[in-house]
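Novice: Taking the working numbering, I'd label the letters of the sequence shown as residues 37 to 372.
C-beta: ideal position from N, C-alpha, C; glycine also.
Have a look at this one before I ask anything.
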Amino acid sequence: MCNTNETTPKQRVLSCIQPSGLLTLGNYLGALKNWTQMQSQFDCTFAVADLHAITVRQEPAKLRSQIYSTFALLLALGIDPEQNTVFIQSQVPYHTALSWVLSCYTQFGEMSRMTQFKDKSAKHPDNINVGLFSYPVLMAADILLYQPAFVPVGADQKQHLEIARDIALRFNHLYGDVFTVPEAYIPKTGARIMSLQDPAKKMSKSDDNANSWIAILDSKDDIIRKFKRAVTDSDSCVRMSPDKPGVSNLITIYGAVTGKTADEVEREFEGKGYGDFKLAVGEAVADTLAPIKQRHDEIIKDKKELERLYKAGAEKASRTAAKTYFKVMKKVGFVL
Ligand code: TYM
């Protein structure tokens, strides 16, 4: 006989974002936009990965305010904290605890090959700390604790996700099916948004040149000004091409915010110059981000409500994380 109450459980999704500075249009198009869209279909867990932020030196008061702001931004994006689990990583100690265990199942050689480690060590030669080196293991713990099927990220996190999968497979091979082996969920458009000043580099909040990136919380005037100054090339043809990286990046951005294909964007600006095109991109981006900024600025004012939500989020996350953590401890041979 059919049981009409039976429903298939939703597949799980997990992702995190660092609060190290203002979040960018790259974060939004590469990851956050997908997070919001996935919540209706999946059982989602999203976190502010504050522990990751201290691999580079942070000013304590600034870090604290960025953690609040990032948490508020997740809510402003429309992520529902009742329907999903939204929390701050450092408030769930299972992440660091599992990270230690997983680090004993990760090889030094694997970590040495991580491109982000190489890039960040080159950028901060005076602070190549062990945390920077073992960062992907903490990220693997963030993921594997929640047994997600999918991890929505931008293209730059693909290598870290592959390591998380390798660690999960290795552990499962030794101890049986402990971890779900997750898949990266990378958007077709917007997975790699480039700097507006140097389209060979990814758009990043840690870029010293503020004209190279758009903050989600930038004002409309700033957004338009930055797009007007964006690097293009000497001809004036709006066309997607490997020899036109600046223009191609702007087409990608415009396409991602308007939902138009590259062909449609090229047709729209046929016979028009870069001036018109850059202004249209700036306006479309500003119109997309304005309501998010407005909601963020309202939410951040109510610290009490924020505190209630992040504490409830941490409790909910801890319940799921504890199940995986104690399973791991038992399998490895610890006394529970
Ligand atoms: P983070 O904080 O640097 O970036 C957060 C998300 O934004 C994406 N992203 C981009 N996408 C497209 N174009 C860009 N220019 C761009 N810049 C950033 C990133 O790919 C990411 O999806 N290690 C992670 C945070 C993390 C995490 C995790 C992610 C910690 N634990 C567990 C997933 C699962 C990071 O530093 O992302």
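1. Does the ligand TYM have even one heavy atom less than 7 Å from the beta-carbon of Thr288?
2. Measure the CB-CB distance between Met239 and Pro281 and report whether it falls below 8 Å.
3. Which residue's Cα is closest to the Cα of Leu374: Cys80, Leu111, Thr43?
4. When the Cα of Thr106 is compared with those of Ile222, Asp279, Asp86, which residue comes out closest?
5. Is it right to say Val274 is buried, meaning 16 or more other beta carbons lie within 10 angstroms of its own, or is it exposed?
6. What does the Cβ neighbour count give for Leu113, buried or exposed, with the cut at 16 atoms within 10 Å?
7. I need the DSSP call for Glu118, collapsed to helix, strand or coil.
8. Please tell me whether, using a cut-off of 7 Å, the distance from the CB of Ile53 to the nearest non-hydrogen atom of the ligand TYM is below it.
9. Under 7 Å: does the beta carbon of Asp178 sit that close to some heavy atom of the ligand TYM?
10. Hey, which unbroken runs of the beta strand (DSSP E) at 3 residues or more fall wholly within the segment 49-137?
11. May I have the straight-line CA-CA distance separating Gly287 from Thr297, to the nearest angstrom?
12. Is there at least one non-hydrogen atom of the ligand TYM closer than 7 Å to the beta-carbon of Ile103?
13. Cβ-heavy atom distance between Asn285 and the ligand TYM below 7 Å?
14. Which one of Pro327, Lys264, Phe207 has the shortest CA to CA distance from Ala316?
15. Quick one: is the Cβ of Met74 within less than 7 Å of any heavy atom of the ligand TYM?
16. Just checking Lys238 against the ligand TYM - is the residue's beta carbon closer than 7 Å to any of the ligand's heavy atoms?
17. Within 7 Å: the Cβ of Ile229 and any heavy atom of the ligand TYM?
18. Taking the straight line between their C-alpha atoms, what separation do you get for Lys347 and Leu197?
19. Can you give me the C-alpha to C-alpha distance between Ile203 and Leu138, rounded to a whole angstrom?
20. What three-state label does DSSP hand Val187 in the structure shown?
21. When the Cα atoms are used, what is the spatial distance from Lys339 to Asp79?
22. Near Lys352, what residues of its chain come up, given a Cβ to Cβ distance below 8 Å and the 5 sequence neighbours on each side ignored?
23. Cα separation between Ile335 and Arg206?
24. Determine which residues share a DSSP beta bridge with Lys224 and list them.
25. Any heavy atom of the ligand TYM inside 7 Å of the beta-carbon of Gly66?
26. Between the C-alpha atoms of Gly167 and Gln233, what's the straight-line distance to the nearest angstrom?
27. Considering only DSSP beta bridges, list what Met230 is partnered with.
28. Please specify which runs of the beta strand (DSSP E), each continuous and at least 3 residues long, are wholly inside the segment 295-350, giving them in chain order.
29. Any heavy atom of the ligand TYM within a distance shorter than 7 Å of the CB on Gly291?
30. Kindly examine the ligand TYM and report whether one of its heavy atoms sits closer than 7 Å to the Cβ of Met147.
31. Could you tell me if the beta carbon of Leu50 falls within a distance shorter than 7 Å of some heavy atom in the ligand GDP?
32. Whole angstroms is fine: what's the gap from Gln94's alpha carbon to Asn208's?
Specialist: To lay it out plainly:
1. no
2. no
3. Residue 374 is absent from the structure shown; the chain starts at 37 and stops at 372.
4. Asp86
5. buried
6. buried
7. coil
8. yes
9. yes
10. 79-84, 121-124
11. Here the sequence assigns Ile to residue 287, which means Gly is not the residue at that position. So the two alpha carbons sit approximately 9 Å from each other.
12. no
13. no
14. Lys264
15. no
16. yes
17. yes
18. 27 Å
19. 7 Å
20. strand
21. 27 Å
22. Thr121, Phe123
23. 43 Å
24. In the DSSP output, where bridge partners are listed per residue, Lys224 has none listed.
25. yes
26. 30 Å
27. Lys238
28. none
29. no
30. no
31. The model on display carries the ligand TYM but not the ligand GDP.
32. 36 Å
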